[in-house]
Amino acid sequence: MDFDLTEDRQMLSDTLTRYLKDKYPIETRTKVAYEAPFHAPAQWDALAELGALFALAPEEAGGFGGTGFDISVVFEALGGALCPEPILGALQASRLLTSAEADQEALLSGATKYAVGIGELEAPYELESIQAEARAAGSDYQVSGRKSVVYGGQVADIFLVAARLDGELAVFEVSAADASVTGFGMIDGGGAAELVLEDTPARLILKDAEAALEDAMNAGVVALCAEAVGAMDGRKVMKLEYLRTRKEVGVPIGKFKVLQHRAVDMLTEIEQARSITIKAAAELGGPDAARYASMAKNLIGRAGRLIAEEAIQMHGGIAMTWEYPGSHYAKRLIMIDAQLGDTDYHLSRVMAA
Amino acid sequence: MDLSFTPEEQAFREEVRSFFAQNLPKDMSDAVRAGGELTKDMMDRYHALLNERGWLGTTWPKEFGGPGWSPVQRHIFEEEACRAYAPRIVPFGLAMLAPVLMKFGTKEQQEEYLPRILSGEDWWCQGYSEPGAGSDLASLKTRAVRDGDDYVINGQKTWTTLGQHANRIFCLVRTDPDVKPQKGISFILVDLDTPGIEMRPIKLIEGGYEVNEVFFTDVRVPASNLVGEENMGWTIAKFLLTHERTNIAGVGFSMQALEEVKALARTVKRGGKTLAEDPLFAARIAQVEIDLEAMKLTNLRMLYKAQKQGAPGPETSILKIKGTVIGQELKDLARRALGPSAAPFPGSSLGNLALAPADHENDAARYFNNRKTSIFGGSNEIQRNILTKTMLEL
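Sequence lines, in order, name chains D and G. Per the numbering used here, residue 1 is the first one in the first sequence, and the count goes up by one each step. Per the numbering used here, residue 1001 is the first one in the second sequence, and the count goes up by one each step.
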C-alpha cells in the first residue's frame, strides 16, 4: 500500500499547479472562460508543452502515462485552477485512438484539437440509447445524427463520434470543416458545441466500439472526479479565510459552532471524494472500472453539490456575485455533475451491478 | 500510488482467515450473527482463544507480550475477525488501560496488571463519564482526597460498559478542585471489591443491559494505584483518546452489515418481488455501499499516514464521524427491510410463526442500540469540535 505519488507524477503535478497558479490565475481564467472561443490558444499550447496531454496516453501510444493516476494528477491540477481548456475531449479521444491503435501524435502534441461526441439530446449518458447512424458511402462512410453538448467542440479540429453501423456502435472521425458545429459558452465557463451531422463524410476508426467507448467514458469520469477534487480543495482554502476574517456582531463567523460543524462536514466529504476518486483511478482499465467510476461520480455529485451550496450559503451575499472567485468554483462543482453521467445515473449503474 | 497489500500482508490475511476458520467455535459466530448479548463466559473463552495464539493484545508491542502488529496488520485482523463473525475484543483492559500503563505506569504496575489483562484474570471497566460530565469530560466531579497512604473517593460514574463482568475499574477523578478543570484530574486504578462501591445496571433503550452506574462512598484506594503523577489525568485521557483509533471507522463491521442487508433484501418479499428488485430500496443500499467504499479508502489512507508518521493524526475524527453514520445507516436499512416483521420484542416466543428471517430477529434492537455509536467515544459533535481546531484552524 502506498498513497504517495511517484516522483514523476509529483513533478508533473507540481509543474502544472505552479504554471496554472502563475500564468492562469482566476482573474485571467474568468475572462477567458466566458468569452468566445472560451479557451486561450496560447494556454493550450503551453499546457501541451508541459506534458498535460502526453500524460494522458500510454507509452505504446506515444505518451508517457495513461493510467488512472496519470489522468487524475493532470485533472486535479486543472480543477484547482478551474482551467477551461478543452482537455477532457483530448483525453477521451486519446482513449479511443489507443483502443483503435491509431496514430495520435498530433493529439498529444496539442497541434490538433479533438472533441468526442458520444452523448445525444435524448441520450446524454447511456451508450445503449445512441441514435446517430453511419452508412457506407463508396470506400468511406457518412454519419447522420446530432451530438449534444460536445465538450470542447467549439474549437475542435476533429470530432470522434459514436454512431451505429449496422446496429453496432462504432467510432468515426469527422472533420470540423465538414460538419455543422454550433459552439457556445457554458454557464460554468469553457465551451461546448452542438454537432449536427447530415450524411457527413466520416472515416471509420473503430468497429464494435462499445468496450472502447465504455473505457473512454470511464476515463472521462475519473478525470472529472479528479477535477472536482481539485476544485473542492481550492474552494476550501478560500472559504476558511473568509470564515476567519468576516465578522458578525464583532465576532469572526468561524467562531460560530453552527458554521464550524458544517465546515467539518464539508471537509469530511472532501476526504471521501478524494478516497473514491483514488479507488476509481486505481481500477481504470481493469474489469471493475465501470463500477468504481460510477461509485466515484455518484459520490462526487453529492459532495460537489453539498460543498458548492454550503459555500455559497456560508459566504452569504458575496458568493452571489460574479466578481467573487468562489462563485465560479461553486458553479463548476454543480455543473460537473451533469457531465458524463449524473448522481442518479451512476447510482442506477451501481444498483444494476 | 498502489492500493494493493504487500505479499506479506496478504499472507498474514490468509493466516488470520484460516485461524478463524479452524478455531472459532460455532456457538460464538452464531451468537454474533444473531446480534444478541454475549455471555461473559463466551467473551472469556474468545479472549483465551486469541491469547493462546498470541493475538489478544492487538495493539501491544512485542516487549509487553503483544504480537507487535503494524496498523495495517491490525486493520487486516479486524476485517477478518468481522468476516468470521468473531466477537469483538472487549477493549477496556486490552486497548485502553494497557497502552496507558505501558506509557505512564510504573514498572511495578506494568508487571502486576498487564499479564492479568492478557490472562483474563482481571476484567477492567472504565470510570470516565458522570451524570454531569459526558462529552464535556473535564467537568467531572468525582473527588479523590489524599488521606495518608490512601485516596478516599466519593462520587458517581456512569455509562460503565460491561461493568457487571468487571473486577476492576480505571477512573478519572478530581484531585484538585481549585485549578482549571483539566489541571485537577488524576487517573487511578480501583479494585471493585473495595468497600463503598455499588454498581447498578442501566436498562438501555432496546431493553438490554450493557452499561452501569457506579457509586463511590468513602472508597479507600492505596495511593500507589495512581497512574502517572497526581493531576496529570487529563494528559492520560487525551493520550487514550488519540492513541488507538485504527478501528474507529468500524469498516469491517460495516462491510459485514452491508452483506447482511443485501442478503436480507434478496430474501424479503413485497408483492411478489424481493426488496432487492425495488429500485427505491436498492438505491438506498447502493448509496451507502458507495459511501462505505470511499470510507474503506479513507480508512486505509489514514492508516498509511499513521504507519508513516508513527501515530494517527487528528483527521481520524473524520473516521469516527463518517464511520458511525455509515454503520447506523446500515442498521437502519436492515430494520426497514423487515418492515412490521421487526416489531416483536427480542426474545418473543412466536414458535414456528417467526416473522423475521433467522439472525434478523434482533434487527430493530440492533438499530436502537447502534445509535450509541455517534454518542460514545467523544460524540460526533465533539469530533467536529476537534476537527474545527486541528484541521480547519478556526
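Glycine included, every Cβ here is placed at the ideal spot set by N, Cα and C. Quantities reported herein were computed from a predicted structural model and do not represent experimental measurements.
Straight-line Cα distance separating G:Asp1147 from G:Ala1223
Going from the Cα of G:Ala1223 to the Cα of G:Asp1147 covers about 9 Å.
Should the region 132–143 of chain D be regarded as contacting the region 91–107 of chain D, the criterion being three or more beta carbon pairs within less than 8 Å?
The region 132–143 of chain D makes no contact with the region 91–107 of chain D: fewer than 3 CB pairs, one atom from each, lie closer than 8 Å.
Is G:Ile1197 helix, strand or coil by DSSP?
Reduced to three states, the DSSP call for G:Ile1197 is strand.
Suppose you measure from the CA of G:Ala1306 to the CA of D:Ala192; what does that come to, to the nearest Å?
Going by the C-alpha atoms only, they are around 44 Å apart.
Whole-angstrom Cβ separation of D:Leu195 and D:Arg164, contact assumed at under 8 Å?
Contact check for D:Leu195 and D:Arg164: beta-carbon distance about 16 Å, past the 8 Å limit, so the pair fails to qualify.
Is it buried or exposed, D:Ala81, if we count other Cβ atoms within 10 angstroms and call 16 or more buried?
D:Ala81 is buried by the Cβ-count criterion.
Using a Cβ cut-off of 7 Å (strictly closer), state whether D:Ala293 contacts chain G.
It does not; no Cβ of chain G falls within 7 Å.
Could you tell me whether any Cβ in chain D is nearer than 7 Å to the Cβ of G:Thr1373?
It does not; no Cβ of chain D falls within 7 Å.
For chain D, find out if any of its Cβ atoms is closer than 7 Å to the Cβ of G:Glu1008; answer yes or no.
Output row for G:Glu1008: interface = no.
Of all the CB atoms in chain G, is at least one closer than 7 Å to the CB of D:Met351?
Judged by the 7 Å Cβ criterion, D:Met351 is in contact with chain G.
7 Å Cβ shell around G:Pro1181 - same chain, five flanking residues per side excluded:
The residues are Ala1138 and Ser1139.
Are there 16 or more other CB atoms within 10 angstroms of the CB of D:Ala226, so buried, or fewer, so exposed?
In this structure D:Ala226 is buried. Its beta-carbon is surrounded by 16 or more other beta-carbon atoms within 10 angstroms.
Since D:Thr268 meets chain G, which of its residues come closer than 7 Å, beta carbon to beta carbon?
Ile1318, Ile1321 and Lys1322, listed in chain order.
Along chain G, in chain order, which residues have C-beta atoms closer than 8 Å to that of D:Ile278?
Under the 8 Å cutoff, chain G gives Met1001, Leu1003, Leu1297 and Arg1301.
Residues in its own chain within less than 6 Å of G:Thr1194 by CB, not counting five upstream and five downstream?
Hits under 6 Å: Val1219.
Tell me where the beta strand (DSSP E) around D:Arg135 begins and ends.
Residues Glu133 to Ala137.
Within a Cβ cutoff of 7 Å, which residues of the same chain sit near G:Leu1241, ignoring the five residues on either side of it in sequence?
Excluding positions up to five away in sequence, the list reads Gly1378.
Under three-state DSSP, which class holds D:Glu120?
Assigned with DSSP and collapsed to three states, D:Glu120 falls in strand.
In whole angstroms, what separates the C-alpha of G:Arg1174 from that of G:Ala1133?
Rounded to whole angstroms, G:Arg1174 to G:Ala1133 spans 12 Å at the Cα level.
Could you work out which residue in D:Pro287, D:Ile253, D:Asp208 and D:Ser327 is closest to D:Leu127 when comparing CA atoms only?
Closest by alpha carbon: D:Asp208.
Name the two residues that bound the continuous beta strand (DSSP E) containing D:Ile202.
A small fix is needed here, since residue 202 of chain D is Ala in this sequence, not Ile. Segment Gly191 to Leu206, the beta strand (DSSP E) holding D:Ala202.
Should D:Asp2 be flagged as near chain G, meaning a C-beta pair shorter than 7 Å?
At least one CB atom of chain G sits nearer than 7 Å to the CB of D:Asp2.
Measuring only the C-alpha atoms, how far is G:Val1325 from G:Ala1166?
If you draw a straight line from the Cα of G:Val1325 to the Cα of G:Ala1166, it is about 30 Å long.
Taking buried to mean at least 16 other C-beta atoms within 10 Å of its own C-beta, is G:Glu1210 buried or exposed?
Buried, since its Cβ has 16 or more Cβ neighbours within 10 Å.
With 16 other Cβ atoms within 10 Å as the buried cut-off, status of D:Arg332
Flag for D:Arg332 reads buried.
Please list the segments of the beta strand (DSSP E) lying wholly inside the region 155–187 of chain D, counting only runs of 3 or more residues, in order along the chain.
Within the region 155–187 of chain D, the runs of beta strand (DSSP E) at least 3 residues long that lie entirely inside it are, in chain order, 158–165, 168–175 and 180–185.
Option nearest D:Val181 by Cα separation, candidates D:Arg203, D:Pro25, D:Val73 and D:Ile158
Taking only the C-alpha atoms, the option nearest D:Val181 is D:Ile158.
Please report the straight-line C-alpha distance between G:Pro1288 and G:Glu1329, rounded to a whole angstrom.
Strictly speaking, residue 1288 of chain G in this sequence is Val, with Pro absent from that position. Each residue's alpha carbon lies about 7 Å from the other.
Of all the CB atoms in chain D, is at least one closer than 7 Å to the CB of G:Ala1294?
Yes, contact with chain D.
When you compare each of D:Thr343, D:Ile307 and D:Leu340 to D:Gly326 by their alpha carbons, which one comes out closest?
By alpha-carbon distance to D:Gly326, the top candidate from D:Thr343, D:Ile307 and D:Leu340 is D:Ile307.
Exposure of G:Leu1350, with buried meaning 16 or more beta-carbon neighbours within 10 Å
Classification for G:Leu1350: exposed.
Using a Cβ-Cβ cut-off of less than 7 Å, give me the residues of the region 294–312 of chain D that come near chain G, in sequence order.
Cβ contacts with chain G come from Met295, Asn298 and Leu299.
According to DSSP, simplified to helix, strand and coil, what is G:Ile1236?
Three-state result, G:Ile1236: helix.
Whole-number beta carbon distance between D:Ala115 and D:Tyr141, since they are thought to touch under 8 Å
The beta-carbon separation of D:Tyr141 and D:Ala115, rounded to 19 Å, does not stay under the 8 Å limit for a contact.
Relative to the alpha-carbon of D:Asp337, which residue among D:Val222, D:Gly317 and D:Arg246 has its alpha-carbon at the smallest distance?
The residue with the shortest Cα to Cα distance from D:Asp337 is D:Val222.
Distance between G:Gln1073 and G:Phe1019 (C-alpha atoms, nearest Å)
Roughly 15 Å between the two C-alpha positions.
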